[in-house]
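S.K.: Structure provided below as structure tokens; questions to follow.
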Amino acid sequence: MDVRTLLKKLQLAVRSEPADTDIPFGRTQKLPDDLRVGDHDALHVGTDISRRIRNVVAALLSDLHYEHLKDGADAAVWDFVCHAAIERSKDHVAGFIQQHHQDLRVATVRFSVEYLTVTVPFEVFEVTFQPLPAEDTDEGQRFRLDAHCGSLAGVEVSGTDMERMVARGREHVEHALRVLRISMANVEQLNEGQLRFKLGQWYAIEGMGRGFHRYRDAPIPLELPKQPAELFANFALLPIRYDDRTEIGRQAKLALGWINSARLAIDPIHKVAFLFSALESMLGDKSAGLKAPMLMYFRTLLGQVVNDGFPSPNRLYEFYDEVRSNAVHGEEVPEFTTDEVNRLEWSIRSALVELLTLCDQHKLTKRSQVRKTLLATEHARPTYDHL
732 MDVRTLLKKL
742 QLAVRSEPAD
752 TDIPFGRTQK
762 LPDDLRVGDH
772 DALHVGTDIS
782 RRIRNVVAAL
792 LSDLHYEHLK
802 DGADAAVWDF
812 VCHAAIERSK
822 DHVAGFIQQH
832 HQDLRVATVR
842 FSVEYLTVTV
852 PFEVFEVTFQ
862 PLPAEDTDEG
872 QRFRLDAHCG
882 SLAGVEVSGT
892 DMERMVARGR
902 EHVEHALRVL
912 RISMANVEQL
922 NEGQLRFKLG
932 QWYAIEGMGR
942 GFHRYRDAPI
952 PLELPKQPAE
962 LFANFALLPI
972 RYDDRTEIGR
982 QAKLALGWIN
992 SARLAIDPIH
1002 KVAFLFSALE
1012 SMLGDKSAGL
1022 KAPMLMYFRT
1032 LLGQVVNDGF
1042 PSPNRLYEFY
1052 DEVRSNAVHG
1062 EEVPEFTTDE
1072 VNRLEWSIRS
1082 ALVELLTLCD
1092 QHKLTKRSQV
1102 RKTLLATEHA
1112 RPTYDHL
């Protein structure tokens, strides 16, 4: 559904919602300055309107004509909702589109490619691989700042936000590199190390300037002038010993390894898969029928028992069911944000700390004992009912 249609439906829904509704859920936020009258300075909408707002924001950010709104998309839609609710005799759809719609810009962005030297240009699905510019040119010197840069990859992009245009161009070139790499691997005449070419850090976008993308896996040096416990007030060393031979000790080391792999992974889908492998190492049960519901139940119950609280089990389940499972079974994965992955990692790291705490308190050495102990608590039934 396009932006105009979604805005029309949102405007109609806002005006159809009872003005005196007393819904505890939904969204309450300040009115724009031009709509505030006396003490009336905020607007409350129900869950249906909140959902529609999210849908419009998602549509705006997926439409290249509106992508320039970026983080301001939600504020723009909230402003629209407020005006639609207060100024009911006006149609605010056309005004929103006139204010925020922008014509597309088209440009070619070129990225440095490392460990691949090209003498004759060639194309891989709209991506042109070409030799480096001459060394005595400004652009040639700039791209050669990547020590191992041997060629450029250029692709045409369009949009209304340069940052997002470059990101799409990068994804397109990454795809071309994957196609080229695996196609050349099928030749079976090259060493595996020769196929480890990759995108460099520099790019130039025609008519808009140039930029630099730090390697996502580039470490940032860390200096510790004191012991960690002296530097960080909340630092606590995880009690996971290398020589622990108990089942819980082995599973904790497995979980630690998976969390570490997630921390070092570049691809967010890999991060999600590794994190759930860590959770299964801690709380999984091979004999369970449907793994996801029971895994979410024990994760939630563990947090409730140890810390008297837990992260959102709904989003955790959605990540397991829609992201992890789809990735493992070769299906398309729905979009998710970096913040969501960070929150997922926090939840899994917290689960490891909570598990170790519970095992220490009750002297548990097996996962079956952990599940039995959790089920024997007063929180077991209420948590089940909540889920």
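Positions 732 to 1118 (the working numbering) are the ones given, in order, by the sequence shown.
Glycine included, every Cβ here is placed at the ideal spot set by N, Cα and C.
Hey, would you say E857 sits closer than 8 Å to P864, going by beta carbons?
M.R.: Counted from its first residue, the sequence shown places residue 857 at position 126. Counted from its first residue, the sequence shown places residue 864 at position 133. The answer is no: Cβ separation not under 8 Å.
S.K.: I'd like to know whether the C-beta atoms of A815 and V734 end up nearer to each other than 8 Å.
M.R.: One-based indexing of the sequence shown puts residue 815 at position 84. One-based indexing of the sequence shown puts residue 734 at position 3. Not in contact: A815 and V734 (Cβ atoms no closer than 8 Å).
S.K.: Where do the ends of the alpha helix (DSSP H) carrying S1078 lie?
M.R.: Residue mapping note: residue 1078 aligns to position 347 of the sequence shown, counting from 1. First-last of the alpha helix (DSSP H) with S1078: T1069 to H1093.
S.K.: If you draw a straight line from the C-alpha of D764 to the C-alpha of A825, how long is it?
M.R.: Position 33 of the sequence shown, counted from the first residue, corresponds to residue 764. Position 94 of the sequence shown, counted from the first residue, corresponds to residue 825. Each residue's alpha carbon lies about 21 Å from the other.
S.K.: Let me check one thing: in DSSP terms, what residues is F842 bridge-paired to?
M.R.: The residue labelled residue 842 in the question sits at position 111 within the sequence shown. Paired residue(s): A884 and Y934.
S.K.: Measuring only the C-alpha atoms, how far is F1067 from D867?
M.R.: On the sequence shown, residue 1067 is found 336 positions in, with the first residue counted as 1. On the sequence shown, residue 867 is found 136 positions in, with the first residue counted as 1. Going by the C-alpha atoms only, they are around 44 Å apart.
S.K.: Keeping to the same chain, check which residues put their C-beta closer than 7 Å to that of T850; ignore five residues upstream and five downstream.
M.R.: As a first step, residue 850 is located in the sequence shown; it is residue number 119 there, counting from the start. Excluding residues within five positions, the ones whose Cβ falls inside 7 Å are P862.
S.K.: Kindly provide the ranges of any beta strand (DSSP E) runs that are 3 or more residues long and lie completely inside the region 859-923, ordered along the chain.
M.R.: Counting whole runs of 3 or more residues, the region 859-923 contains the beta strand (DSSP E) stretches 880-890.
S.K.: Across which residues does DSSP place T759 in a beta bridge pair?
M.R.: Taking the first residue of the sequence shown as position 1, residue 759 is located at position 28. In the DSSP output, where bridge partners are listed per residue, T759 has H775.
S.K.: Short check: CB of Y934 to CB of V840, under 8 Å?
M.R.: To locate residue 934, count along the sequence shown from 1; it is residue 203. To locate residue 840, count along the sequence shown from 1; it is residue 109. For Y934 and V840, yes; Cβs fall inside 8 Å.
S.K.: Which of the three DSSP states is assigned to G980 in this structure?
M.R.: Numbered from its first residue, the sequence shown carries residue 980 at position 249. In this structure, G980 counts as helix in the three-state DSSP scheme.
S.K.: Should L1033 and L1086 be called a contact, given that it needs their Cβ atoms to be closer than 8 Å?
M.R.: To locate residue 1033, count along the sequence shown from 1; it is residue 302. To locate residue 1086, count along the sequence shown from 1; it is residue 355. Cβ distance < 8 Å, so L1033 and L1086 count as in contact.
S.K.: Just the Cα atoms here: how many angstroms apart are E937 and C880?
M.R.: The residue labelled residue 937 in the question sits at position 206 within the sequence shown. The residue labelled residue 880 in the question sits at position 149 within the sequence shown. Cα to Cα, E937 sits roughly 20 Å from C880.
S.K.: Over the uninterrupted alpha helix (DSSP H) stretch that includes V1003, give me the two end residues.
M.R.: Within the sequence shown, residue 1003 is the residue found at index 272, counting from 1. Residues P999 to L1014.
S.K.: Given 8 Å as the limit, is there contact between the region 1051-1068 and the region 1002-1016, that is, 3 or more CB pairs closer than that?
M.R.: Segments in contact, yes.
S.K.: Quick check: I979 and T1096, are their CB atoms within less than 8 Å of each other?
M.R.: In the sequence shown, the residue the question calls residue 979 occupies position 248. In the sequence shown, the residue the question calls residue 1096 occupies position 365. In this structure, T1096 lies closer than 8 Å to I979 by Cβ.
S.K.: Could you work out which residue in M915, S1078, V918 and F842 is closest to A993 when comparing CA atoms only?
M.R.: The residue labelled residue 993 in the question sits at position 262 within the sequence shown. Nearest option by C-alpha distance: S1078.
S.K.: Are the beta-carbon atoms belonging to S843 and Q925 less than 8 Å from one another?
M.R.: Numbered from its first residue, the sequence shown carries residue 843 at position 112. Numbered from its first residue, the sequence shown carries residue 925 at position 194. Against a cut-off of 8 Å, the Cβ pair of Q925 and S843 comes out as no contact.
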